[in-house]
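This report refers to the structure that appears directly beneath it.
Residue numbers (our numbering): 2 to 347.
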């Protein structure tokens, strides 16, 4: 079993399917602390360093990706064969996961690439940047297919629809936009938020989209019409992450007010408030069966909850019960968590 060796300053993410949950779980000595995570959450562990190196631990084997500029966004292909990274200098790199070799350099962006995503079939990728554009690329050739222009401020969140025909983008211009993948044409502008949009998500059936904003609200929208269906109010600070349950019945939001909240999709009513974190929640995710919820926070913990909003106990390797996973103090000098820097930098 190989050790996962991390630089002093790292950002650590656990990725469940194509959804990323922020976590402070870091072990310099051994991966045993990961064992309390569900199979979905511990599927991929990756660490980003400010030295532009990505250490990728897959099935306990270490692969190192070295980029010319610090890496700020990451996605894995649906079959786990390739990885996509976005960098501060605007460069996007496509990697072979088994070998760590670069497959393509995707050039075109002129600003920080804050969000990247693979299409459901893995044939195309989407990249979003501080240059206010979104770009669509062919994975096999590395060729740019479309430039999606329209946002008036930087774009920090993107997602494909389940069938891969539509994408949603969220920007700090207070709008989200729906686009046709085949033509690159804008379909709808989703207006209603009064501050920047931090997170976007599609429902499992692709008929609705969810947006979370710095205005403290989340909104549900109809994909066909672009009309607002519900607005979820209750958080007292920026919403940093949103997710929809696998059955499409429940909305999950995570906020800088230290809480996550569950909402009913049909009625828009608040179902549960998840309290326990001592700092802002930066990323949220459902397990693939919808039975568990994971929240990653700036308090340097990732917590697991039941779908009823109660803390879910786990057992560590010593058989001890615990309902959260905490960073080992000696693991790193500083923790950098995705989605934290926009809130601090503007």
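For each residue, glycine too, the CB sits at the ideal point set by N, CA and C.
Next item on the list: Look up residue 194 in the DSSP assignment and say whether it is helix, strand or coil.
Entry: For the purposes of this step, residue 194 is identified with residue 193 of the chain shown, where counting begins at 1. Looking at residue 194 - three-state DSSP - the assignment turns out to be coil, as it is neither helix nor strand.
Next item on the list: Output the distance between the C-alpha atoms of residue 91 and residue 71, rounded to the nearest integer angstrom.
Entry: On the chain shown, position 90 is the one that residue 91 refers to. On the chain shown, position 70 is the one that residue 71 refers to. About 10 Å.
Next item on the list: Please confirm whether residue 281 and residue 298 have their CB atoms less than 8 Å apart.
Entry: Working through the chain shown from its first residue, we reach residue 281 at position 280. Working through the chain shown from its first residue, we reach residue 298 at position 297. Yes, they are a contact pair.
Next item on the list: Would you mind reading off the limits of the beta strand (DSSP E) that contains residue 298?
Entry: On the chain shown, position 297 is the one that residue 298 refers to. Where residue 298 is concerned, the enclosing beta strand (DSSP E) stretches over 293-298.
Next item on the list: Mind checking which residues open and close the beta strand (DSSP E) that includes residue 273?
Entry: Translated into the one-based positions of the chain shown, residue 273 becomes position 272. That run of the beta strand (DSSP E) goes 271-275.
Item checked: Length of the line joining the Cα atoms of residue 307 and residue 240 -> On the chain shown, residue 307 is found 306 positions in, with the first residue counted as 1. On the chain shown, residue 240 is found 239 positions in, with the first residue counted as 1. Going from the Cα of residue 307 to the Cα of residue 240 covers about 21 Å.
Note to self: Can you check which of these residues, 138, 220, 121, 175, is closest to residue 267 by C-alpha distance?
What the structure shows: As a first step, residue 267 is located in the chain shown; it is residue number 266 there, counting from the start. The option with the nearest alpha carbon to residue 267 is 220.
Notebook entry, point to check: Whose C-beta lies closer than 8 Å to the C-beta of residue 143 among residues of the same chain, with five residues either side of it excluded?
Noted result: One-based indexing of the chain shown puts residue 143 at position 142. Here the set comprises 95, 104, 105, 106, 107.
Check: Starting from residue 251 and walking both ways along the beta strand (DSSP E), at which residues does that stretch end?
Finding: The residue labelled residue 251 in the question sits at position 250 within the chain shown. Residue 251 -> beta strand (DSSP E) spans 251-256.
Item checked: C-alpha distance - residue 248 paired with residue 76, whole-angstrom precision -> Your numbering for residue 248 matches position 247 in the chain shown. Your numbering for residue 76 matches position 75 in the chain shown. When rounded, the distance between both Cα atoms is 23 Å.
Checklist line | Nearest-angstrom Cα separation, counted from residue 80 out to residue 195 | finding: Counted from its first residue, the chain shown places residue 195 at position 194. Counted from its first residue, the chain shown places residue 80 at position 79. Spanning the two alpha carbons is a distance of roughly 38 Å.
Check: Which of helix, strand or coil does DSSP assign to residue 356?
Finding: With the chain covering 2 to 347 only, the question about residue 356 has no answer from this structure.
Notebook entry, point to check: What are the boundary residues of the beta strand (DSSP E) that includes residue 147?
Noted result: Here residue 147 is taken as the residue at index 146 of the chain shown, counted from 1. That run of the beta strand (DSSP E) goes 145-149.
Note to self: Once DSSP output is grouped into helix, strand and coil, what is the label at residue 229?
What the structure shows: Mapped onto the chain shown, residue 229 falls at position 228. The answer is strand: DSSP assigns residue 229 an E or B state.
Margin query: For a test of the three-state rule: what should DSSP assign to residue 92, helix, strand or coil?
Written below: As a working mapping, residue 92 is identified with position 91 in the chain shown. Here residue 92 sits in coil by DSSP.
Check: DSSP on residue 166, reduced to helix/strand/coil?
Finding: Walking along the chain shown from the start, residue 166 turns up at place 165. Correct three-state label for residue 166: coil.
Checklist line | Neighbourhood of residue 134 by C-beta, 6 Å cutoff - its chain only, sequence neighbours within 5 removed | finding: On the chain shown, residue 134 is found 133 positions in, with the first residue counted as 1. So the qualifying residues of the chain are 148, 150.
Notebook entry, point to check: Alpha carbon to alpha carbon, what distance is there between residue 246 and residue 288?
Noted result: Taking the chain shown and counting its residues from 1, the one referred to as residue 288 is at position 287. Taking the chain shown and counting its residues from 1, the one referred to as residue 246 is at position 245. Approximately 8 Å between the Cα atoms of the pair.
Margin query: For residue 252 and residue 263, what's the separation of their Cα atoms in angstroms?
Written below: Here residue 252 refers to the residue found at position 251 of the chain shown. Here residue 263 refers to the residue found at position 262 of the chain shown. So the alpha carbons of these two residues sit roughly 6 Å apart.
Notebook entry, point to check: So is residue 178 buried or exposed if we call it buried at 16+ other beta carbons inside 10 Å?
Noted result: What you label residue 178 is simply residue 177 of the chain shown in a count that begins at 1. Per the 10 Å Cβ criterion, buried.
Next item on the list: With a threshold of 16 other CB atoms inside 10 Å of the CB of residue 258, please say whether the residue is buried or exposed.
Entry: Here residue 258 refers to the residue found at position 257 of the chain shown. Counting Cβ neighbours within 10 Å, residue 258 comes out buried, since at least 16 surround it.
Checklist line | DSSP bridge partner residues for residue 105 (one or two, in chain order) | finding: For this step, residue 105 is matched to residue 104 along the chain shown. Per DSSP, 95.
Item checked: 7 Å CB neighbourhood of residue 279 in its chain, flanking five on each side removed -> Numbered from 1 along the chain shown, position 278 holds the residue referred to as residue 279. Excluding residues within five positions, the ones whose Cβ falls inside 7 Å are 259, 300.
Next item on the list: Quick one: grab the DSSP three-state call for residue 264.
Entry: In the chain shown, the residue the question calls residue 264 occupies position 263. Reduced to three states, the DSSP call for residue 264 is strand.
Next item on the list: Between the Cα of residue 292 and those of 313, 155, 78, 277, spot the shortest distance and give me the residue it belongs to.
Entry: As a first step, residue 292 must be located in the chain shown, where it is residue number 291. Answer by Cα proximity: 313.
Item checked: Between the CA atoms of residue 269 and residue 99 - distance to the nearest angstrom -> Walking along the chain shown from the start, residue 99 turns up at place 98. Walking along the chain shown from the start, residue 269 turns up at place 268. Rounded to whole angstroms, residue 99 to residue 269 spans 44 Å at the Cα level.
Item checked: Rounded distance between the beta-carbons of residue 183 and residue 166, thought under 8 Å -> Taking the chain shown and counting its residues from 1, one reaches residue 166 at position 165. Taking the chain shown and counting its residues from 1, one reaches residue 183 at position 182. With 8 Å as the limit, residue 166 and residue 183 qualify as a contact, their Cβ atoms being about 7 Å apart.
Note to self: I need the DSSP call for residue 287, collapsed to helix, strand or coil.
What the structure shows: The residue given as residue 287 occupies position 286 in the chain shown. Residue state, collapsed to three classes: strand.
Check: Would you report the Cα separation of residue 153 and residue 112, rounded to the nearest angstrom?
Finding: Locating residue 153 in the chain shown gives position 152, where the first residue counts as 1. Locating residue 112 in the chain shown gives position 111, where the first residue counts as 1. Distance between the alpha carbons of residue 153 and residue 112: 14 Å.
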